[in-house]
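Adding 7 to a residue's 1-based position in the sequence shown gives its number in our numbering. Positions of the beta carbon are idealized from the N, C-alpha and C atoms, including for glycine. Bear in mind that the values here come from a model prediction, so they are computed numbers and not experimental data. Here is the structure we will look at.
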Amino acid sequence: MGFTLFLGCFLIALGPPITIFLLAVAPNANLVVLMVLSGFVWVLSIGSASLVWQLLPPLQSNPGMALVFAVLVQEAFRFGYYRICTAAERRVAALTTQKLFCPNSFDSVLASGLGFGTATVLVMFGRGLEETVSPGTVYVESCSSMSYYFSSALQYCALVFLNIFLMVIATEGYKRKSWVGAGGACALHVLGSLVTLFNGSRNGCTVSLPLLILVTAAAGVWAGRLVR
């Protein structure tokens, strides 16, 4: 089952971001830079959250609190990323007419959200994807109806799109100085993270996956209205 399972999980979790990258990001060098930069910022955010988690025992004993804290750190870094990019854009504009990051450009926001989402998959699911090459598969109590790796691939696929939609919503909120946009993105991110707690219960994936897809769909509808 090894290679077949690996290929299937790889295409589910990383197929969509690779396709978006090849079609919309790769043709423009500036967008590639933004994607890599945003991915690096996400890694810094999760690393910072992990460090604080190690230092604060209350977070270690409360998964819900830890998830909310990690999301707030990620959203703070998202805002910091936006401020850095817009400041760099102003400096570049003084020297050349070439655009680096434009909040009004859907391509720039798409590349940034894709960086966040792809980094999430590589960091959180990379090791699991590597293990799918081994013979056999794994079933766990929280998802006895399907392979653990398959359910994880579906979850991280949804998280890629959720991160893209959240970047659209949050960026629009930052640009308009609207707490509705920025706060709404944060609230959807918290909700999308908290539903994964159902994975800790028996057959919880049958609840968490549909709810995560529902949250992602809601974020997609909101983001779609903003880019029309």
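What does the Cβ neighbour count give for residue i, buried or exposed, with the cut at 16 atoms within 10 Å?
i    : result
G133 : exposed
S159 : buried
T139 : buried
V32  : buried
A101 : exposed
T178 : buried
P64  : exposed
Quick one: grab the DSSP three-state call for residue i.
i    : result
V197 : helix
V140 : coil
V147 : strand
R209 : coil
P64  : helix
M153 : coil
K184 : coil
S112 : coil
R235 : coil
Taking C-alpha atoms, which residue in the options lies nearest to residue i?
i    : options               : result
V228 : V202, V175, L204      : V175
G135 : S154, R97, L233, G120 : S154
L41  : A83, A118, F17        : A118
T213 : P142, I19, L198, E148 : E148
Y146 : L195, P24, A20, R209  : R209
For residue i, would you say it is in contact with chain C, using Cβ-to-Cβ distances shorter than 8 Å as the test?
i    : result
C164 : Here chain C cannot be found, since the structure has a single protein chain.
Just the Cα atoms here: how many angstroms apart are residue i and residue j?
i    : j    : result
G207 : A224 : 23 Å
P217 : A194 : 18 Å
Y88  : V78  : 15 Å
V128 : G231 : 23 Å
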